[in-house]
Structures are given as structure tokens and as C-alpha cells.
Amino acid sequence: MPYTPVDYAPYDFANRRHIGPSPEEMQAMLDTLGVESLDALIDATVPETIRQKEPLSFGKAMSEQKVLRRLREVADKNMVMRSLIGQGYHGTITPPVIARNIFENPAWYTAYTPYQPEISQGRLEALLNYQTMIADLTGLEIANASLLDEATAAAEAMALAQRAGKSKATAFFVDQDCHPQTIDVIRTRAEPLGWDVIVGDPFADLDPSAVFGAIFQYPGTYGHCHDFTDVIASLHDAKALAVVAADPLALCLLKSPGEMGADIAIGNTQRFGVPLGAGGPHAAYMACRDAYKRSMPGRIVGVSIDARGNRAYRLSLQTREQHIRREKATSNVCTAQALLAVMASMYAVFHGPKGLRAIAEQVHQKAVRVKRALAEAGYTIVNDTYFDTITVEVGAPRDAILHAAEEAGINLRRVGNTRIGIALDEATWNAEITTLLKVMGGVDSGPLPGYELPEGLIRQSAYLTHPTFHHNRSEAEMTRYMRRLADRDLALDRAMIPLGSCTMKLNATAEMMAVSWPEFADIHPFAPAHQRAGYAEMVEDLSDKLCQITGYDAISMQPNSGAQGEYAGLLTIRAYHAANGGAERNICLIPVNAHGTNPASAQMVGYKVVVVKCTERGDIDVEDFRAKAEAAGDKLAACMITYPSTHGVFEETVTEVCEITHAHGGQVYLDGANLNAMVGLSQPGKIGADVSHLNLHKTFCIPHGGGGPGMGPIGVGAHLAPYLPGHVNEGGAGAVSAATFGSPSLLPISWAYCLMMGGEGLTQATKIAILNANYIAKRLEGAYDVLYRGTSGNVAHECIIDTRPLKDAAGVTVDDVAKRLIDSGFHAPTMSWPVAGTLMIEPTESEPKAELDRFCEAMLSIREEARLIENGTLDRDNNPLSNAPHTMEDLVGNWDRPYTREQACFPAGAFRVDKYWAPVNRVDNAYGDRNLVCSCPPLEEYLDAAE
Ligand SMILES: *Cc1c(COP(=O)(O)O)cnc(C)c1O
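For any residue, its number in the working numbering is found by taking its place in the sequence shown, counting from 1, and adding 1268.
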């Protein structure tokens, strides 16, 4: 017989990477649905009126190896230099044990935000370590588990000072020594809220009675270290609050903001082992006095107890957040920088207080060495006090010096016309200092020249005294600590995470690799543009593809999260109105089922939120929408809608809603978080929307990192393009993020995804996402009602199932269902949003049929358990649902439950050998809020727990 080759492409995208079900499985699923073909399903589901006419045409899918070569090509156009620019970003050494075991470890980076505390104890502990570290270093009582970047943290601090302070003033004072990007982001934030920003010298220009708060940089952007104690006292006398933006490494040697009397401290933990990444992602921190904890933005990890009374961690004070308080929330920040906060905390665990202090001392000594040599060479050093940064007056030859330094591989900061800034860091070598001094004509006196810290500012107080920061720090111990924490958590590397609206899809390894390449990781955001040519090329090509996908004309890569995209998009709309005689427009229509960040963002630009009703079927109530748009009249600024709707349905009325908005002069903000249901099939920019954010950490494969990082670029129509945010570094203004392109080192992930999929593959992914969701809806039929469906009876890429009948019949709550899924080895779907008592399931295209089936079996068995409670076979108050999740602890010792151990621990879906064991029983939420503890509990409690 002649040889017959197999009909199979080993590296075909469809089989091997992003598309979960095999062709055979797809067929079986279509059979279950009783649909002839995938295209028939899509035609029935996605309304004709919104369908994309032309297929995406950006080339064929590229193989993984080809994409890696393309990434390498682009990477080679970025120049890896030693950047001593400072301005909030510093060279650092990521301990390899952390780089590999956290940064490059899917157990950490594929986790979701820890809303289900029982399966999140590992990252919650790491984030609690972070909060403890920040509280200690800043000398304040409460810290959150990260904000987006230093500049937005500063803007958040201003808003907190306004909210929590007692002053009636409407101005905010900004130290002229704050980083320029911080000043700009503060200005952007203050303007729509009607707050004046006064930039000046805190020791000469500050009138405390004229402001509700003030921010000081410590050390200043040009290197000075000032003691703000007296200025802060004068602010307090006037009932104004004080914010200090502090470098955490400097705080290892210098008096803390808390000891100066500051109310709030913010800053960037990048230099705690997180690569520069051309501007991000890094974790910004915020700490404040205890009195302001309920007004603080961002997530706060707290300590509570579980059903056995054992210590357990959870996110505390969630009642402050947008998903509950909407426009009254403390901030719109949702996705933050959890993974980077974890890295920074591990850096502190790894080095301990002595190690951090030693690093800070070395950095300072390098600065002393450079400063002395330059002073001896006859230069004037502008700042008389310093930690790591000096500003040098060099006169006319300034540009020649910058150039010569660059030739020698070193970037320095351009300050004014005749000065340069030099910021020394952990990664600066001896040889570099010698080279730098040679360039500047100085003579190197050699290492260890001593200390020149300002006397009154030398830190006396201890920090990181907690045992967590006193492991013996052998690599073996460090590795095991991180592994132990990772094992407590359930991330995508173990099971599907069917979170509606959050699109927890595959983060392919090939997409992730370039993020750690030095050509992407070790680039300073303010390095000369020609050194970032690879980044520019990638940003341009990705923007171009995203424009094609969305049907928009321009993209801004600046927003660091979806919520920041909303904020940026609304600012863009606002600026457009102002330029077109619509400065008075301030009403924003938002449907009742909108994501909480929508109203929270609208509030940030000074818009008045008017809520629009939904119909029984879950669609926007068009008549109510029309009435409210008419009532708003020429005050209508915008509407914010989500498409497909947060109910998981392609609403046919979307074009009408856009038309009504436009007829009244408003702009349409279409929340693009659900773009995974649209790519290749429908384009927001073509169905009537004017602006959308795209969550690259949802649809475009950036991992969730346990609550960040993310990227929320916005696409806009041509008429809005002139009003997109600018950046001081590019000579612009109106920035919403510290860095020009937000968190650019994440972009290779989304770019690689687009390249590996091609237009056709991306469209196929969308179709399979819709197939998978409809398959689940079908399999759960009879056991659970699907709340909303389109006119065809299909759902989009997610479905909402009703668990309220279980409550009525058997007293089983939606919580019980979510926690019981843990016993089966699953993360629960989105709980009680947008409808209380329901679960929103989004399987994504990444999940193979076997995993979908395992999930459905778990859900069906839960329904069956509820039925057994209903008919009295299982006890109403002591059953596998009410006691879920079950731990190993439950199994040992006396078993006195009216159901078996087998039933408890191995429900349908649970793996026999690879069983996931929750490390704690159900966590008591109320206890944690009543007894708020947001830093590592004292040693005695560890001893108690061990007994
Ligand atoms: C996730 C999400 C957001 C917010 O995105 P973040 O990146 O978390 O700020 C906004 N709207 C919807 C519908 C979302 O699902």
C-alpha cells in the first residue's frame, strides 16, 4: 500500500493552543445543541444588523516559532542601556528565584482577583505581606494591596484628601519637586472636579488655609531630601491633609512619612525587584492613617477566621468598592497590580530588613561616590541633600555630555537646559560609575566612600520586624515558601475559571515569554525615543490591528486598566464637547446592570449619572432610555453601555440606543470588556459607538495576575482622536497614567496573540467562545434556568443561571453553590452580578469539552444535592453544600456529619489523585470587617494557631 500522510498540522493554532475543543468535540457540541454548523449557530446568535461585513484581514495565522522570531526582531530594535534617569523608575535586580517562581509561573500569573478567599489564601498572604511592608516603611497604619502607578496613586491620594479631610478649600497644593508625570496626572484628575492645582515650593509658596491637601515628593524628583514635619503640622492646623510620595527604598534609611505626620503616603514599589518594562506594570502603593481606611481606594486584604475559627485571609471592606457603591465608590480602580505587589513583597521577604537596608546603603554610597567625584571635578551639585539622585549643573556642554554618556551605554536625565540628573540604583556596577565619571571628567575615588544622609532625617524606627520577613532566606526555603502559597490557590493552570465578564482565557506560554526579555523588560520609560524603536513599532502594529478589530480610527495605549480606560474615554468625550460648544453637557446615562466601574468613572469626570432601566428580558429599556435622553436634552454628555450586554445577550436595540444618544448630541461609550464575543463578528466603532476600552487582560490574553496587571487601551472615532490623553514626556498633557503607554511590557502578549491567531483565528475564537457558552447553557437546562437569552434563544459568550430556586426550595444560597464548586476543584463563576442570587458563566474558547463537561457535572450534582435536601434525604442545615468547602482537616478525627466523607470531598468533577484541597473552610466575611486587621498578625497568633 502506498503511504498515506496524516491530515494533521502539529502546530495548527486551532488544535494546539487557543481553541479548546477539537473539531470532533465541536461537532459533538453542535449535535448537543441541535445546530447544523458553527456558522449556523453564529448566524442565529449574532443579529444581522450588527454583523461585520468584511472579515478581519491582517494576514494568516503565524506559527509560534515565527511569532517568536518576529518578537525577537522587534526586541532587537529596543536598546538595552543602563538608565540612571530616575524620575520614579530605577534599575533593580529581580532575584532569579522570584523571576522564575512568580513572574514566570502560571500558578501565580493566571490567578483571578481573590474574591473567593478560600481558593486564594496564597496570594492573599503574599498581598498581606505587601501591605505590612508598606505600612512599616511608610510609618502609617493601613496600606492597600496596590494601585496602578505612582502618578494615579497621587491623584487618588488627592481625591482621598478631599473626601476624608475637613477643609472646605477647593485647591490642592503640589510640590514642584514632584515627578513631572505625577503633576500632570494630578492636573488631569483635578480639572473636571473643579479643584485648583497649585504647583510650588512647599517652603515658600504653600498657604495651608487655601488648600484641602498637599503632596510632597520624598526624596524630590531632583534628589533633595526635605523634612516636611513643620509644613505638615501647618497643614493640619488648617484642617488640610498631607500626602507624601515616597521612594520605598529611601525609606529604609530615612525618617518615614508617618513620623513626619503625613496622613497618606503613596509611591511605586518598582525598584523592589520589578523590571522597568518601559513604564510598567509595577505596583504603586498607598498607605494612610487608620481613620481614613473606609475612604481609601483600592483593595485591602484583611485577616478573618474560617468556619473552624482558624485564621483566614480575605478582601476586606468590599463595601467601599464600585461593584457595590457605584458612583459613590471610593475610586474606580478595579484591576490593580496584584502580581507586581506580590513580587515586591517577595523581594522584601527574600532580602529581609537587613538586606533592604544594605541595598539602600549601597545605592546611597554609589551616589556619594559620584557626587564627590563630580564636585571635585568642579561641577555644582544642585541638591545639598540626597539619597540616590543628584542634579548637576553642567552648563552649555550639557547635550554633549548626555550624548557621550549614551555612547558609553548610560542614559542620564535631561533637566532644564543646563542640568543633568543622575539616579544611582541597585543594579549600578563599579565599572559603570567609572565610565560615567570618565565621561564627565571626574576621578573615581572608589567604592565605600561613606554616608551623607541628612542628619535630622536618618531613620530610627524599625521595620519589617514580623517573622515573615525573617525566614532564613536560603533559596530552598524561599522556593518552598512561594510554592506553598501557590499551591493554596486555584488558578487557570489547574482548572477553568468560568468568570462572566472577566474572560479568564488561556495566557499562552509563547505569548508570555517576551515579557521577560531584557529588550522589553529593562527599558526606562523616559529613555530617548530612538532606544524604544521596537516598542514603537509594536505599539503601532498592535494599534492598527485593534483599530481593525474594533472599527475605530485611533487607539490610546495609556490606560492601565479597563476602569482607567473608561476614565480616559470619558475625559476624551468631555474635551470633545468642550471644544464643540458643549462644555455644559454633564449627564451620563448608564443602565442599571452596568459594571460598577462605569458610574464610578463617570463621577471622576464630574458627570451626573442617570440610571436607565432594563426590561424583564434584561435588555436596555429603550423607552426609558429615550425618555431620559430627552429629559437630559442638551445636557446629555454620554451614555455608557456594555455590548454584548452584561446579561450575556446581543441586544438588537443597540443601534437605536446609539442613535438616540447622538440625536441629543451625546457620545456613546461602549464598555468593551465583552469584546471576546465580538472580535471578527461585530465592531463597536461600526455599530454606532464613539469610544470603547478594550481589556487586553481579558480578550487579548494578558493574564489576570491575581488582580492585575492589565491594560485598558481605548479606541475612538476620528472625531475624538485629537482629544486623547497626551504625556509630558512627549511634550503633551492630560495624561491618565504615569507612562506614555501605560504598562507597555505587557503588549508583546496581546500582539503575539493577534499574530498567532491571524484574523481568521481570532474570529474562530469568538465563535467557539459562543459555542462553549451555549453548550454549557444547554447542558444545564432543566437543572437551572438561564435568565436571559437573545431572540433566537441563544446566549452570547456567557450565560447567567439562576440559583434562587435552590434557595427557595432547599435553603441553598448562591454562596453555598460557589463554595461547593471548590470541592469539585473549580473557581466559582461571577457571583450575584449583575443579578443577585445568580451565577454568570463565561467558559471562553480556551476550554476543551472535557473541562466544560467536568464543570457541568459538578453543577448538576450540586442541583441534585439541593434536591436531596429538599426531599429530606440530606439535612437542611448540615449538608455538603452548607459546609463547603471541605478541607483535609475535616477528614481527620471524628466524623459526625450526616453525610459521608466520600460525599464531602469527592463530589462530581473532583479529581481523585489531583484533588484540589481548599486550605481553609468557609471564610467569615462579617468577622473580618468587624475586626479589621490589614497587616500580618503578630507572632503570638502564629503560635496560637500552631497549638
Ligand atoms: C472588567 C470589567 C471592567 C473593568 O476593568 P478593569 O480592568 O478591572 O478596571 C469594566 N467593565 C466590565 C463590563 C468589565 O467586565
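Beta carbons are placed, not taken as given, at the ideal position from N, Cα and C, and that holds for glycine.
Quick caveat, the model's predicted, so the values are computed rather than measured.
Residues bridged to residue i (per DSSP)
| i | result |
| --- | --- |
| Val1465 | Phe1440 |
| Ala1411 | Ala1555 |
| Ser1960 | Gly1983 |
| Ser2070 | It should be pointed out that residue 2070 corresponds to Asp in this sequence rather than to Ser. According to DSSP, which records beta bridges pairwise, Asp2070 is partnered with Asp2053, Thr2106. |
| Phe1484 | Val1512 |
| Gln1935 | Ala1906 |
| Ser1824 | Ile1982 |
| Leu1857 | Val1878, Cys1907 |
| Arg1350 | Ile1678 |
| Arg1800 | Asn1346 |
| Tyr1271 | Tyr1271 is not bridged to any residue. |
| Val1631 | Val1631 pairs with nothing; no bridge assigned. |
Where residue i sits in the DSSP three-state scheme
| i | result |
| --- | --- |
| Glu1661 | strand |
| Lys1876 | strand |
| Arg1284 | helix |
| Asn1679 | strand |
| Ser1599 | coil |
| Ala1789 | helix |
| Leu1767 | strand |
| Cys2022 | helix |
| Cys1815 | helix |
| Val2082 | helix |
| Ala1533 | strand |
| Thr1883 | coil |
| Ser1290 | coil |
| Ser2011 | coil |
| Ile1955 | coil |
| Tyr1383 | coil |
| Met1614 | helix |
| Leu1760 | coil |
| Thr1420 | helix |
| Val2063 | coil |
| Met2099 | strand |
Min CB distance residue i to chain B below 9 Å
| i | result |
| --- | --- |
| Phe1737 | In the structure shown, chain B does not exist; there is a single protein chain. |
CB-CB length for residue i against residue j, believed under 8 Å
| i | j | result |
| --- | --- | --- |
| Ser1824 | Pro1981 | 6 Å |
| Arg1682 | Leu1692 | No, Arg1682 and Leu1692 are not in contact; Cβ-Cβ is about 17 Å, not under 8 Å. |
| Ala1552 | Asp1656 | Actually they do not touch by this definition, with Cβ atoms about 19 Å apart. |
| Thr2112 | Ala2037 | 5 Å |
| Trp1376 | Val1610 | 7 Å |
| Leu1949 | Ile1909 | 18 Å between Cβ atoms; not a contact. |
| Tyr1357 | Pro2012 | In fact, because the Cβ distance is near 12 Å, the residues do not count as touching under 8 Å. |
| Gln1590 | Ala1868 | 4 Å |
| Tyr1380 | Met1772 | 6 Å |
| Lys1881 | Ile1855 | About 16 Å; that fails the 8 Å criterion. |
>> Taking 8 Å as the cut-off, does the stretch 1911–1925 touch the stretch 1309–1327 (at least 3 CB pairs, one atom from each stretch)?
In response: yes
> Can at least three beta-carbon pairs, one atom from the stretch 2050–2061 and one from the stretch 2083–2090, be found at a separation below 8 Å?
Replying inline: Cβ pair count under 8 Å is below three, so no.
>> With three or more C-beta pairs closer than 8 Å as the rule, is the stretch 1777–1795 touching the stretch 2019–2026?
In response: yes
> Just checking, does the stretch 1415–1429 make contact with the stretch 1454–1468 on the three C-beta pairs under 8 Å criterion?
Replying inline: yes
> Enumerated in chain order, which unbroken segments of the beta strand (DSSP E) with a length of 3 residues or greater are wholly contained in the stretch 1537–1590?
Replying inline: 1552–1556, 1568–1573, 1579–1584
>> So within the stretch 1677–1751, which uninterrupted alpha helix (DSSP H) runs reach at least 4 residues, ignoring any that extend past its ends?
In response: 1698–1707
> Are the stretch 1595–1604 and the stretch 1870–1887 touching by the rule of at least three beta carbon pairs closer than 8 Å?
Replying inline: yes
> Are at least three pairs of beta-carbons, each pair with one atom in the stretch 2043–2052 and one in the stretch 1360–1378, less than 8 Å apart?
Replying inline: The stretch 2043–2052 is not in contact with the stretch 1360–1378.
> Okay, do the stretch 1497–1516 and the stretch 1541–1551 touch, 3+ Cβ pairs below 8 Å being the bar?
Replying inline: Output reads no: the stretch 1541–1551 does not touch the stretch 1497–1516.
> Of all the alpha helix (DSSP H) runs that stay within the bounds of the stretch 2141–2174, which reach a length of 4 or more residues?
Replying inline: 2156–2159, 2169–2173
>> Under 8 Å: do the stretch 1710–1727 and the stretch 1489–1496 share three or more Cβ pairs, one atom per stretch?
In response: These segments touch.
>> With three or more beta-carbon pairs closer than 8 Å as the criterion, would you say the stretch 1905–1920 touches the stretch 2063–2080?
In response: yes
>> Counting beta carbon pairs with one atom in the stretch 1949–1956 and one in the stretch 2108–2126, are three or more of them shorter than 8 Å?
In response: With a cut-off of 8 Å, the stretch 1949–1956 and the stretch 2108–2126 do not count as touching, because too few Cβ pairs lie within range.
> Which full runs of the beta strand (DSSP E) of 3+ residues lie inside the stretch 1301–1331, going along the chain?
Replying inline: none
> Okay, do the stretch 1405–1414 and the stretch 1425–1440 touch, 3+ Cβ pairs below 8 Å being the bar?
Replying inline: Judged by Cβ distances under 8 Å, the stretch 1405–1414 makes no contact with the stretch 1425–1440, as fewer than three pairs qualify.
> Does the count of Cβ pairs from the stretch 2188–2199 and the stretch 2138–2156 closer than 8 Å reach three?
Replying inline: yes
> Counting pairs of beta carbons, one from the stretch 1648–1663 and one from the stretch 1482–1490, are three or more of them closer than 8 Å?
Replying inline: Contact between the stretch 1648–1663 and the stretch 1482–1490 is established, with three or more Cβ pairs separated by less than 8 Å.
> If you pair each beta-carbon of the stretch 1705–1713 with each one of the stretch 1363–1372, do three or more pairs fall below 8 Å?
Replying inline: no
> Three or more C-beta pairs closer than 8 Å, one from the stretch 2153–2172 and one from the stretch 2095–2104: is that the case here?
Replying inline: no
>> Using a Cβ distance threshold of 8 Å, determine whether the stretch 1743–1750 contacts the stretch 1971–1985, with at least three qualifying pairs required.
In response: no
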